[in-house]
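Beneath this line is the structure, given in structure tokens, with notes to follow.
In our numbering, the protein residues as written are 4 to 450.
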């Protein structure tokens with residue numbers, strides 16, 4: 004068995020057994036490294052080297068968490084949540100009213116996810132701020148939180164896959180297009196900026212189908228929850244009534260944060276700029292700045308630790324040298340079957356991304372291997388781009404170490420009634436990865 008496949012199976016099995024994701028990643032990395040023949044010293048070195056690659060991501064989430072907390076202190080998220088709660092509690096509690104509130108919740112959360120990856124670049128940091136105040140409404144609606152987890156994961160994933168704005172610019176242009184062009188340069192392959200969004204459109208339709216199945220079929224039945232107190236870190240006091248110039252400052256901070264992030268290519272600088280401008284707006288007293296920043300870091304601490312551990316795991320997997328071996332062993336099974344080649348490449352991408360936990364980090368690993376394979380099988384530039392992009396996106400929605408699953412859990416488990424693995428990871432894996440495989444294969448065969 005390939006060391007990477009063994010490591011992923013161990014990590015997933017331990018996670019399904021409710022073992023800590025951080026421990027599961029470390030244990031899987033050690034076993035996979037030993038199985039591949041690496042000495043213990045090299046495993047430790049590779050893991051430590053990988054930790055450094057995860058530090059920028061963890062710091063980015065910490066700063067975005069601080070930005071989100073500062074934004075919450077303005078009272079914007081509380082007002083939105085309060086209106087929804089008042090609408091439900093003040094209504095007639097009729098089935099029609101409950102359905103309207105339910106669909107309103109889904110629409111608001113999906114739109115918030117769209118905006119968080121494009122116009123207001125806080126990524127998943129908005130979830131622990133916006134979602135916990137809405138849990139009471141979900142409880143009264145008996146709304147299955149697994150459907151909500153699928154909706155949130157969909158909203159923060161499908162946008163970067165298809166829309167070259169915000170994080171989509173990084174994924175589609177800076178990573179996908181750049182790596183495909185680099186890997187195909189010797190063969191004369193050229194992918195232009197308009198091609199990645201078109202190539203990823205069909206796979207994104209698969210995610211749309213998965214979302215509809217999750218909401219209307221899998222989790223449409225009611226599920227009872229108890230009204231439990233939220234964790235202390237979610238109780239963030241809002242500021243009093245804001246002056247018009249402060250509201251203008253908030254809008255300016257959001258715009259400048261987006262511009263800085265796109266200009267610098269760094270979520271860290273974008274988050275810090277937004278935090279600084281909101282501070283100047285006087286939303287909190289100057290002597291509370293450190294408290295707010297620390298609160299934001301605590302908000303995203305678990306996500307950051309898991310992402311750092313995932314980077315260490317990825318470092319060990321790279322050190323084993325088993326990624327090319329995994330692809331080569333797959334080639335021997337393919338023969339000259341073009342359809343089977345596309346399917347195997349997607350499945351291998353699923354295993355790699357589930358271990359790394361990031362589609363952004365997977366593309367540089369698989370592009371150098373996949374692009375020559377695609378060209379040898381006669382896939383077009385669009386089809387090649389779709390295969391590489393979909394193979395990377397696979398697993399992002401269903402990985403225990405992915406921000407696409409950690410984010411929804413951070414919000415939905417604020418009262419301790421939402422399990423990360425069984426209520427977020429497994430539902431998103433089933434409803435998004437399986438359609439992505441089918442529609443990614445369709446894109447590769449038709450484009």
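Where a beta carbon is used, it is the ideal one built from N, C-alpha and C, also for glycine.
These numbers were taken from a predicted model, which means no experiment stands behind them.
Legend entry - Coil, strand or helix - residue 6 by DSSP: helix
Legend entry - Straight-line Cα distance separating residue 276 from residue 70: 9 Å
Inset, instruction - Run the proximity test for residue 343: is its beta-carbon closer than 7 Å to any non-hydrogen atom belonging to the ligand SAH? - result: Only the bare structure without any ligand can be found here, which leaves the ligand SAH out of the picture.
Legend entry - Nearest neighbour of residue 107, chosen from 217, 151, 126, 131 [CA to CA]: 151
Inset, instruction - For residue 122, I'd like the list of residues in its chain whose CB is within less than 8 Å of its CB, leaving aside the five on either flank, ordered along the chain. - result: 168, 169, 257, 261
Inset, instruction - Check residue 445 in the structure and name its three-state DSSP category. - result: helix
Inset, instruction - Specify the secondary structure class of residue 427 as computed by DSSP and reduced to three states. - result: helix
Inset, instruction - Could you tell me which of 350, 9, 340 sits nearest to residue 379, measuring between CA atoms? - result: 340
Inset, instruction - Provide the residue span of the alpha helix (DSSP H) that contains residue 199, from first to last. - result: 198-202
Inset, instruction - Taking the CB atoms as reference points, tell me whether residue 450 and residue 385 lie closer together than 8 Å. - result: yes
Inset, instruction - Use the C-beta contact count for residue 438: other C-beta atoms within 10 angstroms, 16 or more gives buried, fewer gives exposed. - result: buried
Inset, instruction - Out of 278, 281, 435, point me to the one whose CA is closest to residue 407's CA. - result: 435
Legend entry - Inter-residue Cα distance where the pair is residue 98 and residue 105: 10 Å
Legend entry - Cβ pair residue 424, residue 19 closer than 8 Å: yes
Legend entry - Three-state secondary structure assigned by DSSP to residue 225: coil
Legend entry - Among 224, 351, 137, 397, the one whose alpha carbon lies nearest that of residue 325: 351
Inset, instruction - Note down the Cα distance separating residue 430 from residue 223, rounded to an integer number of angstroms. - result: 13 Å
Legend entry - Per-residue DSSP class, three states only, for residue 16: helix
Inset, instruction - From the DSSP output, in three-state form, read off residue 404 for me. - result: coil
Legend entry - Burial state of residue 102, where buried means 16 or more other Cβ atoms lie within 10 Å: exposed
Inset, instruction - Quick one: residues in its chain with C-beta nearer than 7 Å to the C-beta of residue 343, no 5 flanking neighbours on either side, listed in chain order? - result: 337
Inset, instruction - Please determine if the region 32-51 and the region 7-17 are in contact, where contact requires at least 3 C-beta pairs separated by less than 8 Å. - result: yes
Inset, instruction - Have a look at residue 300 and residue 74 and give me their C-alpha separation to the nearest angstrom. - result: 14 Å
Legend entry - Host alpha helix (DSSP H) of residue 22 (start-end): Neither: residue 22 is in no alpha helix (DSSP H) and is coded neither H nor E.
Legend entry - Anticipated Cβ contact below 8 Å, residue 398 with residue 348, distance rounded: Contact flag wrong, Cβ pair sits at about 13 Å.
Legend entry - Those runs of the alpha helix (DSSP H) which lie wholly inside the region 120-145 and span at least 4 residues: 130-133, 138-144
Legend entry - Spatially closest choice to residue 118 from 160, 320, 418, 283, by CA coordinates: 160
Legend entry - Neighbourhood of residue 6 by C-beta distance below 6 Å, restricted to the same chain and skipping five residues each side: 35, 38, 39, 323, 325
Inset, instruction - Please list, in chain order, all residues of the same chain as residue 346 whose beta carbon is under 7 Å from its beta carbon, the five residues on each side excluded. - result: 444
Inset, instruction - Kindly indicate which residue of 369, 44, 207, 259 has the alpha-carbon position closest to the one of residue 178. - result: 369
Legend entry - residue 68 to residue 296 span [Cα, whole Å]: 8 Å
Legend entry - For residue 413 and residue 202, believed in contact at Cβ under 8 Å, the rounded distance: With 8 Å as the limit, residue 202 and residue 413 do not qualify as a contact, their Cβ atoms being about 31 Å apart.
Inset, instruction - Report all residues from its chain with a CB closer than 6 Å to the CB of residue 432; omit the five preceding and five following residues, and keep chain order. - result: 401
Legend entry - Where residue 376 falls, given that 16 or more other Cβ within 10 Å makes a residue buried: buried
Legend entry - Limits of the alpha helix (DSSP H) - the one that residue 383 falls within: No alpha helix (DSSP H) holds residue 383; DSSP gives it neither H nor E.
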